[in-house]
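A.B. asks: Before I ask anything, let me first share the structure, which is written out below as structure tokens.
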Amino acid sequence: MLEKRASFVYRQMSADHNRPAPVKPQPRPVLHRVEPRPYVRMRRAQRLVELVAEREVEREAGR
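Offset between the sequence shown (1-based) and the working numbering: plus 317.
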């Protein structure tokens, strides 16, 4: 059983001898970073405005 498997593997190897070497996968180039869609930017800006307003209120309350 073992000898048979070994010969099979050997046959596989000898059949492989004419195949080209495997190509190393190249790292994919990073495409230019896409700007987030406008509404995402708007939402971020809105959140920032809200945060600043909250801080302002807290500071007023702290006085």
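All residues carry an ideal CB built from backbone N, CA and C; glycine is no exception.
Helix, strand or coil: which one does DSSP assign to Leu348?
C.D. replies: The residue you call residue 348 lines up with position 31 of the sequence shown. Leu348 falls in the coil class under three-state DSSP.
A.B. asks: If you draw a straight line from the alpha carbon of Val369 to that of Arg345, how long is it in whole angstroms?
C.D. replies: Locating residue 369 in the sequence shown gives position 52, counting from the first residue. Locating residue 345 in the sequence shown gives position 28, counting from the first residue. Approximately 40 angstroms between the Cα atoms of the pair.
A.B. asks: Please state whether DSSP places Val340 in a helix, a strand or coil.
C.D. replies: Position 23 of the sequence shown, counted from the start, is the residue given in the question as residue 340. The three-state secondary structure of Val340, taken from DSSP, is coil.
A.B. asks: Going by the beta-carbon positions, is the gap between Glu352 and Arg358 smaller than 9 angstroms?
C.D. replies: Here residue 352 is taken as the residue at index 35 of the sequence shown, counted from 1. Here residue 358 is taken as the residue at index 41 of the sequence shown, counted from 1. Yes, Cβ-Cβ distance for Glu352 and Arg358 is below 9 angstroms.
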